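Note sheet for the following structure.
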Amino acid sequence: MVAAAGIPIFDAPLVSVGGGLGSFTLVDVLRIQGAPPSAIRVVSLSDRPWQTWQYLTRVSQLPAHERIRSDAGARPDNIWGFPSYALHEAWRERSPKLVWQVLTEPVLSDFFSPRAGTVFSTVQREAERISYPDMLAKGQVRMVRRRGGGGYFTVLTPPAGTMPTKRVAIRSRYVHLAVGYPGLKFLDDLQEFRAAYNDYHRVVNAYESHEHVYEFLKTRPGVVIVRGAGIVASRVLQRLMDDRERYGLQTQIVQMFRTFVTGPHGPSLWMRRKGGDGWAYQAFTLPKSAFGGQLKAQFRRREGQDRARLAKTVGGTTTPRLRHWQRQMGEGRRGGWYHAVQAVVDRVEPTPDGRLVSYTSSADGTRNRVVSDFIIDCTGLEADMAEHRVLADLLEHGGARRNGAGRLTVGHSFEVVGAESGDGVLYASGAATAGNHFPAVDSFLGMQTAALDIAADLARRGFVKRLGPVRSTRQWLKWAAGRRI
Amino acid sequence: MIPTLFGRIQTRIFTLGTVGVVLTALITPVLPGTGGSLGAAYRVAYLILLAVAVVGVGWELLYHLLMQFRWDKDWPTLFGLLTIVPEGALMWALLRYELVPGIGGKVATSTFLTMFVFVWCGVWLFSNGPMRVPFVQWRLRGGRLL
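Chains as they are written, first to last, in this note's numbering: chain G, 17 to 501; chain L, 359 to 504.
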């Protein structure tokens, strides 16, 4: 049918759709487990696997020299996590301080986190080592469909002028989906404001480029409302406060928390998270053991409602309690220029002099109006999978099912349940697979976990070799020596 | 580290049984305070190592309990190093009161201290890095090998 439609067909045993860090991580593991570059095609619009991540980190106030929120041992370029990013940076920067930090974290010092730039440069080195560019097929994926004879067709639109036809198809036995987030999530009242007043200048999302806000504040004093209580809100606050310190600005900051955390919270003595001043404190996006310890094991054992309850207890918006941030916020509170409030915004309107007024209500029933020059929405990325074209098609025509969290239902090898096709398997990793047996899918370590589990399944099916202690050690030595594979 | 209870116990037995055995073999000939033959010194050294492994299972139960008070359910690297103090003190007391089966006479404090610190640091260093090289899934399974 595909051929009859005049779409040229190419063959590859495995296709990875996405071309971000999720695809890169799986391809890295498969290459280490013996797959040749010719057996893999990565379909993407990005030339470099860190491209999207680099964009999102930069606009959300994480330029290359800033430290991200990630563990020292979570290295997308190194599946072993040894040597950790802490040792890597300590060696590069001749800094014993970083060794001391990782040795004493989180007791005597903050958790070590790598610089964003360290991740870019190390992933670049690994991408070259595994011949990543040779596996890249540029194009926009339209759909992944099951074939009558087993396996899948991945239909894509290549860049204009590169192919004689508008569409091409890749026929493969295995497909891997790592498409990330479908888009930005906007708070309803801000979406309404933007639509009603066509103002994309004063109301911005932290994941959009919004440098003009900081530039404006350098020219005259202003009031900024920060909405959100997560890591991005922390970064935006840091930028505002850094600029205030650096340029001697008079910026007033109002942070609005929908849920204002006043102290330690949790259902029992055994499950109590730190918090205070509005924030829920946590080093990483989930408690550390969700990435590979006790919580990971608990999620794996539980099912259905039981698992959803656990997810609710340990989930939620959090930020790390970094000493630097605590100092800045403390100064802001004492100086009367940082105000943290519990408030839900009912609506936002423009004022006659071109500013913004937010009409809010608090949990105690008080209503208020706050005038500001800008509102920065730091509430996150779009989580509804059906917003993504390929996933929506898969849910409608490909047999895939949503789980209780609205994401794709996957099995223990990250195979998309219901989307099997003959001897072919469709795998998925990253944000689309949240709400299943493994909670930390949307993280470096989570993507490596998925990659290793997918590769183990593919080894059972004969596509790659097993990663036993001998191969693992030999491959690590090659990695350490920088030898191409 | 983010161990599960079974991960802790498996890791302790595995690392003492491999790195611990090798390091004990290396250090025993140069241990201070050993009087008799080298064979006798090895016998005592390996019996101590075995005792550390057996008593260690009990320690792991305690550590697992203490870890439950931590939201992250993690066991910081520093804890893995500092627990040398209570574990060393208990083992030293057991040896002093001749409670370790198979070891008749008293073991000199210098002998015990040298061996214990050397093996402990070696095992700690190994499990905080190189262990991940042959066993790539080890850190993702709470320290379980099986």
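For each residue, glycine too, the CB sits at the ideal point set by N, CA and C. From a predicted model like this one, the values you see are computed outputs, not experimental measurements.
Could you tell me whether the Cβ of residue i comes closer than 8 angstroms to any Cβ of chain L?
i: G:E121; result: yes
i: G:T465; result: yes
i: G:P303; result: yes
i: G:I99; result: For clarity, residue 99 of chain G is Pro in the given sequence; the question names Ile instead. Interface residue, yes.
i: G:T489; result: yes
i: G:L483; result: yes
i: G:K290; result: yes
i: G:I470; result: no
i: G:W66; result: no
i: G:W116; result: no
Would you say residue i faces chain G, with C-beta separation under 8 angstroms as the test?
i: L:I371; result: no
i: L:F474; result: no
i: L:W417; result: no
i: L:R366; result: no
i: L:F493; result: yes
i: L:W482; result: no
i: L:T362; result: yes
i: L:R454; result: no
i: L:G500; result: yes
i: L:W478; result: no
i: L:P459; result: no
i: L:T435; result: yes
i: L:G487; result: yes
i: L:K431; result: yes
Please report the distance separating the alpha-carbon of residue i from that of residue j.
i: G:Q298; j: G:R163; result: 45 angstroms
i: G:E9; j: G:L114; result: Not covered by the structure: residue 9 of chain G. The range shown for chain G is 17 to 501.
i: G:F273; j: G:S125; result: 27 angstroms
i: G:I32; j: G:R47; result: Correcting the residue type first, residue 32 of chain G is Ser in the shown sequence and not Ile. Near 13 angstroms, if we compare the C-alpha coordinates of G:R47 and G:S32.
i: G:D293; j: G:P303; result: 20 angstroms
i: L:I442; j: L:W478; result: 7 angstroms
i: L:R428; j: L:H422; result: 10 angstroms
i: G:E436; j: G:R405; result: 20 angstroms
i: G:L483; j: G:R490; result: 10 angstroms
i: G:P283; j: G:F307; result: 21 angstroms
i: G:R522; j: G:E403; result: No answer is possible for residue 522 of chain G: it lies beyond the span of chain G, which begins at 17 and ends at 501.
i: G:V252; j: G:E227; result: 11 angstroms
i: G:L265; j: G:K234; result: 7 angstroms
i: G:L172; j: G:D389; result: 44 angstroms
i: G:L407; j: L:G414; result: 50 angstroms
i: L:I406; j: L:I360; result: 27 angstroms
i: G:G415; j: G:L326; result: 28 angstroms
i: L:L374; j: G:E82; result: 40 angstroms
i: L:E445; j: L:T386; result: 20 angstroms
i: G:T329; j: G:L493; result: 41 angstroms
i: G:V364; j: G:V373; result: 6 angstroms
i: G:L581; j: G:A324; result: Limits of chain G in this structure are 17 at one end and 501 at the other, which puts residue 581 of chain G out of reach.
i: L:D432; j: L:L424; result: 10 angstroms
i: G:D215; j: G:T367; result: 13 angstroms
Report the neighbours of residue i on chain A: residues whose CB is nearer than 8 angstroms to its CB, in chain order.
i: L:R401; result: Note that chain A does not occur in the displayed structure, where the protein chains are G and L.
Please return the same chain residues whose Cβ sits closer than 8 angstroms to the Cβ of residue i, not counting the five positions on each side in sequence.
i: G:R316; result: H428, H453, F454
i: G:L468; result: V45, I95, L483
i: G:G348; result: M257, I269, Y354
i: G:V229; result: V220, V240, F390, I392
i: G:S377; result: A359, V360, D362, R383, N384
Within the same chain, show all residues whose beta-carbon is closer than 6 angstroms to that of residue i, passing over the 5 residues directly before and after it, in chain order.
i: G:E109; result: none
i: G:W66; result: F136, V139
i: G:R288; result: P280, G282
i: L:V458; result: A409, L452
i: G:D473; result: S429
i: G:Q344; result: M257
Closer than 7 angstroms by C-beta to residue i: which residues in its own chain qualify, once you throw out the five before and the five after it? Chain order, please.
i: L:G365; result: R499, G500, G501, R502
i: L:W496; result: M489, R490, L503
i: G:V426; result: V432, V433, A444, T449, N452
Under 7 angstroms from any heavy atom of the ligand ZN, does the C-beta of residue i make it?
i: G:W66; result: What this structure holds is no ligand at all, so the ligand ZN is not there to describe.
- Message: Quick check for students: name the residue ranges of the beta strand (DSSP E) that lie wholly in the stretch 52 to 82 of chain G, counting only runs of 3 or more.
- Response: Within the stretch 52 to 82 of chain G, the complete beta strand (DSSP E) segments of 3 residues or longer fall at 56 to 60, listed in chain order.
- Against chain L: residues of the stretch 301 to 334 of chain G by CB proximity under 8 angstroms: Listed in sequence order: P303, K304, S305, F307, G308, G309, Q310, L311, K312, A313.
- Could you list the residues in the stretch 78 to 99 of chain G with a C-beta less than 8 angstroms from some C-beta on chain L, going in chain order? Against chain L - using a Cβ distance shorter than 8 angstroms - the residues of the stretch 78 to 99 of chain G are G89, I95, W96, G97, F98, P99.
- Task: Would you mind listing the beta strand (DSSP E) stretches within the stretch 243 to 274 of chain G that are 3+ residues and don't spill past its ends, in chain order?
- Result: Runs of the beta strand (DSSP E) inside the stretch 243 to 274 of chain G: 268 to 273.
- Query: Which residues, in order along the stretch 99 to 114 of chain G, keep a beta-carbon less than 7 angstroms from a beta-carbon of chain L?
  - Reply: Within the stretch 99 to 114 of chain G, those residues whose Cβ lies closer than 7 angstroms to any Cβ of chain L are, in chain order, P99.
- Item | Contiguous beta strand (DSSP E) assignments of at least 3 residues, all confined to the stretch 410 to 436 of chain G | As far as the stretch 410 to 436 of chain G is concerned, it has no whole beta strand (DSSP E) run of at least 3 residues.
- Message: Can you pull out the residues from the stretch 265 to 299 of chain G whose beta carbon lies closer than 8 angstroms to at least one beta carbon of chain L?
- Response: Within the stretch 265 to 299 of chain G, the residues whose Cβ lies closer than 8 angstroms to some Cβ of chain L are G282, L285, W286, M287, R288, R289, K290, Q298, A299, listed in chain order.
- Please list the residues of the stretch 339 to 353 of chain G that have a C-beta atom closer than 9 angstroms to any C-beta atom in chain L, keeping them in chain order. Answer in chain order: no residues at all.
- Going along the chain, which unbroken runs of the beta strand (DSSP E) with 3 or more residues stay wholly within the stretch 105 to 167 of chain G? If only complete runs of 3 or more residues are kept, the stretch 105 to 167 of chain G shows the beta strand (DSSP E) at 152 to 154, 156 to 162, in order along the chain.
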